[in-house]
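Data block below; observations after.
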Amino acid sequence: MEKSIKKYWPVFVIPTFTAFIIGFAWPFLQGLYLSFCQFITIDRANFNGIANYIYALTEEQFGYSFWFTSLFAIVSTLCINIAGLAIALALTRGIRGTNLFRSVFFMPNLIGGIVLGYIWNILLNCALTLLGKPLLSLHAPYGFIGLVILMCWQQIGYMMIIYIAGLQAIPNDYLEAARIDGATEWQTLWKVKLPNLMPSITICLFLSLTNGFKLFDQNLALTGGDPAHATEMLALNIYQTFYGRSGPQWKGYGQAKAVIFCILVIVISLLQLRSTRSKEVQQ
Amino acid sequence: MEHRHSIKDTIKSVILAILSLAWVYPVFMILFNSLKQETSITTGTAFELPTSETFAGLMNYINALTSQGFLSAFWYSLVVTITSVVLILICCSMCAWFITRVNTWYSKALYYLFVFSMVVPFQMLMFTLSATADRLHLSSPYTICIIYLGFGAGLAVFMFCGFMKSIPIEIEEAAMIDGCSPIKTFFQVVLPILKPTLISVGILETMWLWNDYLLPYLVLDRTKGYMTIPILIQYFRGSYGRVEMGPMMASIMMNIIPIIVVYLLCQKHIIKGVAAGAVKG
Chain V
838 MEKSIKKYWP
848 VFVIPTFTAF
858 IIGFAWPFLQ
868 GLYLSFCQFI
878 TIDRANFNGI
888 ANYIYALTEE
898 QFGYSFWFTS
908 LFAIVSTLCI
918 NIAGLAIALA
928 LTRGIRGTNL
938 FRSVFFMPNL
948 IGGIVLGYIW
958 NILLNCALTL
968 LGKPLLSLHA
978 PYGFIGLVIL
988 MCWQQIGYMM
998 IIYIAGLQAI
1008 PNDYLEAARI
1018 DGATEWQTLW
1028 KVKLPNLMPS
1038 ITICLFLSLT
1048 NGFKLFDQNL
1058 ALTGGDPAHA
1068 TEMLALNIYQ
1078 TFYGRSGPQW
1088 KGYGQAKAVI
1098 FCILVIVISL
1108 LQLRSTRSKE
1118 VQQ
Chain A
508 MEHRHSIKDT
518 IKSVILAILS
528 LAWVYPVFMI
538 LFNSLKQETS
548 ITTGTAFELP
558 TSETFAGLMN
568 YINALTSQGF
578 LSAFWYSLVV
588 TITSVVLILI
598 CCSMCAWFIT
608 RVNTWYSKAL
618 YYLFVFSMVV
628 PFQMLMFTLS
638 ATADRLHLSS
648 PYTICIIYLG
658 FGAGLAVFMF
668 CGFMKSIPIE
678 IEEAAMIDGC
688 SPIKTFFQVV
698 LPILKPTLIS
708 VGILETMWLW
718 NDYLLPYLVL
728 DRTKGYMTIP
738 ILIQYFRGSY
748 GRVEMGPMMA
758 SIMMNIIPII
768 VVYLLCQKHI
778 IKGVAAGAVK
788 G
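Top to bottom, those sequences are chains V and A.
Residue numbering for the first sequence follows my numbering, starting at 838 and increasing by one per position.
Residue numbering for the second sequence follows my numbering, starting at 508 and increasing by one per position.
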């Protein structure tokens, strides 16, 4: 059977693979090469070694964006996962209206980042005006908090769904055994539910951390990086370097930043997957 | 004991109910603001319900529909989403079947390439990708699906491979022994078994495509007026000196309403799809 399928490889593989080359592999390699060049268009690129990387790594704004993004990713990951898990625990106990609550909490995930950003921009700015505080785009700490609130509103529902699926997969025998042994609810949570939930926790931490690092749409729509680039995250910083400035050097810098960003995201994903995988219990 | 339990649950229900009201409020706020007159939508009064003086009826909606290019943006969004999802589902499921059933070095290499592409952030290739699309004349809403197939292949192939491993190979073998060609086997035997997975992947891809902003913004040729809804909403803010809040709110609502209708109709599939996608991820 394997042989006869193999003979048909052009039908099965070629369409996806061609598109993959056009839509990923070729631009990726070209981007890698261009990060060592000075260029405005792709055809006119002059090789200039690692000058772009030296610039990118020494630029103050890029470093600031890195720390801002890291802080944001960590804070939002913690908030989203603690709240998502808490709601999931509450919703797996057969409370009345469970289905309705679940639907409502998941709803924001269906709305795109740009739209979400504007909705919250209007809402938070109105709240701040009524409180007599400076607007989102004038005060960086508010921008940061606003981004965290927005991300929580969007992602808690998604993580909740994954945690609910994980909780429902725990065999009832375990919970019964714990109850018969006289474990309190708190003990059951820490000693039975959480260890068995480690695969879900791994996935959720992974998703929310990488989402936090790659965040672009929400950042653009909520604060746009204002005031004075103080809420500009890595993805937006790269975008601004590419398209927000004129001058022959900027696209090269932007591409070098993008390569660094890419490596960063890959390293974080690998480290994170490894560190939480090792805590999973064997079933 | 029983009694205490039920009180605790009631308290929890109340807390959850309050929380879910807070969850719905932002959308509700946009809804009533979209019914206000343009001049009455200001930063400080966004929480106020429309009064008889500020109520504008459907004016903003009519305005957005007639003058702001909403209809064409809606059409383009629809075209991009549907063509891309269909293409991704068919091509990626075929490719994934090949990868799981043919056990050679290059099918493994292909699999890891796809997995790798899932992690890479879009900023890494945004400039070169839009240049490539331009050169190959793929920058219209009718051809952008090829770009999406390439860029979105990673997730789809990965998910299909995960599910495909659990399908018993004997059914396919029986079909082949009975004289089915691999193509016939795939479309008549494998695809029907794969239906739940197709729905899950389709939903995840639709959620992504309908809301995607940066890729169509950079790839689509805007000189020909190609805009999807997220681009249009961003455009309201970006290029006017003054933001036209009324039509923008109406456009946001008209972007959300179809999503919510679809969500209410196939909620079960969506939630199941998300959970299944995460388990395999």
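All residues carry an ideal CB built from backbone N, CA and C; glycine is no exception.
Keep in mind the model is a prediction, meaning the values are calculated, not measured.
Looking only at its own chain, which residues have a Cβ that is under 6 Å from the Cβ of residue i, when we skip the five neighbours before and after it?
{"i": "residue 734 of chain A", "result": "580"}
{"i": "residue 955 of chain V", "result": "1058"}
{"i": "residue 670 of chain A", "result": "704"}
{"i": "residue 980 of chain V", "result": "973, 1060 and 1068"}
Roughly how many whole angstroms lie between the Cα atoms of residue i and residue j?
{"i": "residue 599 of chain A", "j": "residue 623 of chain A", "result": "16 Å"}
{"i": "residue 518 of chain A", "j": "residue 1045 of chain V", "result": "29 Å"}
{"i": "residue 1119 of chain V", "j": "residue 673 of chain A", "result": "Only weak support exists for where residue 1119 of chain V lies, its pLDDT of 49 falling under 50; the coordinates are left without a value."}
{"i": "residue 551 of chain A", "j": "residue 889 of chain V", "result": "45 Å"}
{"i": "residue 989 of chain V", "j": "residue 644 of chain A", "result": "39 Å"}
{"i": "residue 522 of chain A", "j": "residue 928 of chain V", "result": "12 Å"}
{"i": "residue 639 of chain A", "j": "residue 864 of chain V", "result": "7 Å"}
{"i": "residue 620 of chain A", "j": "residue 659 of chain A", "result": "13 Å"}
{"i": "residue 987 of chain V", "j": "residue 965 of chain V", "result": "15 Å"}
{"i": "residue 788 of chain A", "j": "residue 662 of chain A", "result": "Low confidence applies here, because residue 788 of chain A scores a pLDDT of 46, under 50, leaving its location unreliable; read the following figure in that light. Cα-Cα distance, rounded: 9 Å."}
{"i": "residue 654 of chain A", "j": "residue 556 of chain A", "result": "44 Å"}
{"i": "residue 1003 of chain V", "j": "residue 1090 of chain V", "result": "44 Å"}
{"i": "residue 849 of chain V", "j": "residue 757 of chain A", "result": "44 Å"}
{"i": "residue 1108 of chain V", "j": "residue 649 of chain A", "result": "40 Å"}
{"i": "residue 547 of chain A", "j": "residue 1084 of chain V", "result": "42 Å"}
{"i": "residue 932 of chain V", "j": "residue 996 of chain V", "result": "19 Å"}
{"i": "residue 921 of chain V", "j": "residue 1041 of chain V", "result": "9 Å"}
{"i": "residue 585 of chain A", "j": "residue 712 of chain A", "result": "13 Å"}
{"i": "residue 960 of chain V", "j": "residue 533 of chain A", "result": "7 Å"}
{"i": "residue 736 of chain A", "j": "residue 565 of chain A", "result": "19 Å"}
{"i": "residue 969 of chain V", "j": "residue 963 of chain V", "result": "10 Å"}
{"i": "residue 919 of chain V", "j": "residue 1032 of chain V", "result": "15 Å"}
{"i": "residue 1066 of chain V", "j": "residue 898 of chain V", "result": "8 Å"}
With a Cβ-Cβ cutoff of 8 Å, do residue i and residue j count as a contact?
{"i": "residue 1099 of chain V", "j": "residue 628 of chain A", "result": "yes"}
{"i": "residue 943 of chain V", "j": "residue 527 of chain A", "result": "no"}
{"i": "residue 536 of chain A", "j": "residue 563 of chain A", "result": "no"}
{"i": "residue 693 of chain A", "j": "residue 604 of chain A", "result": "yes"}
{"i": "residue 1096 of chain V", "j": "residue 626 of chain A", "result": "no"}
{"i": "residue 587 of chain A", "j": "residue 716 of chain A", "result": "yes"}
{"i": "residue 1093 of chain V", "j": "residue 902 of chain V", "result": "no"}
{"i": "residue 1007 of chain V", "j": "residue 1030 of chain V", "result": "yes"}
{"i": "residue 1047 of chain V", "j": "residue 1105 of chain V", "result": "yes"}
{"i": "residue 721 of chain A", "j": "residue 633 of chain A", "result": "yes"}
{"i": "residue 609 of chain A", "j": "residue 1088 of chain V", "result": "no"}
{"i": "residue 892 of chain V", "j": "residue 690 of chain A", "result": "no"}
{"i": "residue 1037 of chain V", "j": "residue 1011 of chain V", "result": "no"}
{"i": "residue 688 of chain A", "j": "residue 779 of chain A", "result": "no"}
{"i": "residue 520 of chain A", "j": "residue 934 of chain V", "result": "yes"}
{"i": "residue 709 of chain A", "j": "residue 781 of chain A", "result": "no"}
{"i": "residue 950 of chain V", "j": "residue 570 of chain A", "result": "no"}
Please classify residue i as buried or exposed, where buried requires at least 16 other C-beta atoms within 10 Å of its C-beta.
{"i": "residue 883 of chain V", "result": "exposed"}
{"i": "residue 952 of chain V", "result": "buried"}
{"i": "residue 615 of chain A", "result": "exposed"}
{"i": "residue 515 of chain A", "result": "exposed"}
{"i": "residue 529 of chain A", "result": "exposed"}
{"i": "residue 1112 of chain V", "result": "exposed"}
{"i": "residue 1062 of chain V", "result": "buried"}
{"i": "residue 1052 of chain V", "result": "buried"}
{"i": "residue 549 of chain A", "result": "exposed"}
{"i": "residue 612 of chain A", "result": "exposed"}
Which residues in the same chain have their Cβ closer than 8 Å to the Cβ of residue i, if we skip the five residues on either side of it in sequence?
{"i": "residue 509 of chain A", "result": "Its pLDDT being 46, under 50, residue 509 of chain A is placed unreliably in this model, and the value from its coordinates should be taken loosely. For residue 509 of chain A, where only same-chain residues beyond five positions count, there are no Cβ hits under 8 Å."}
{"i": "residue 971 of chain V", "result": "965 and 979"}
{"i": "residue 695 of chain A", "result": "682 and 687"}
{"i": "residue 779 of chain V", "result": "This structure leaves residue 779 of chain V out entirely; chain V is present only between 838 and 1120."}
Which same chain residues end up closer than 7 Å to residue i when comparing Cβ atoms and leaving out the 5 residues on each side of it in sequence?
{"i": "residue 760 of chain A", "result": "537, 538 and 541"}
{"i": "residue 910 of chain V", "result": "1046, 1049 and 1050"}
{"i": "residue 668 of chain A", "result": "603, 606, 607 and 618"}
{"i": "residue 914 of chain V", "result": "1042, 1045, 1046 and 1049"}
{"i": "residue 991 of chain V", "result": "945, 946 and 953"}
Interface positions of the region 1078-1089 of chain V facing chain A (Cβ-Cβ less than 9 Å), listed along the chain: Under the 9 Å Cβ criterion, the region 1078-1089 of chain V contributes 1079, 1080 and 1088.
Chain V contacts from the region 633-650 of chain A (Cβ-Cβ distance under 9 Å): Hits within the stretch, in order: 633, 634, 635, 636, 637, 638, 639, 640, 642, 643 and 645.
Against chain V: residues of the region 519-535 of chain A by CB proximity under 9 Å: Against chain V - using a Cβ distance shorter than 9 Å - the residues of the region 519-535 of chain A are 519, 520, 522, 523, 524, 526, 527, 528, 529, 530, 531, 532, 533 and 534.
Contact list for the region 716-729 of chain A against chain V, Cβ threshold 9 Å: For chain V, the residues of the region 716-729 of chain A that bring a beta carbon within less than 9 Å of one of its beta carbons are 717, 718, 719, 720, 721 and 725, in chain order.
Residues in the region 533-557 of chain A having any Cβ partner in chain V nearer than 8 Å: Along the region 533-557 of chain A, going in chain order, the ones with a CB nearer than 8 Å to a CB of chain V are 533, 534, 536, 537, 540, 550, 551, 552, 553 and 554.
Residues of the region 1041-1059 of chain V whose Cβ lies closer than 9 Å to any Cβ of chain A, in chain order: Under the 9 Å Cβ criterion, the region 1041-1059 of chain V contributes 1041, 1043, 1044, 1047, 1050, 1051, 1053, 1054, 1057 and 1058.
Positions along the region 973-989 of chain V whose CB lies within less than 7 Å of some CB in chain A: Taking a C-beta cut-off of 7 Å against chain A, none of the residues of the region 973-989 of chain V qualify.
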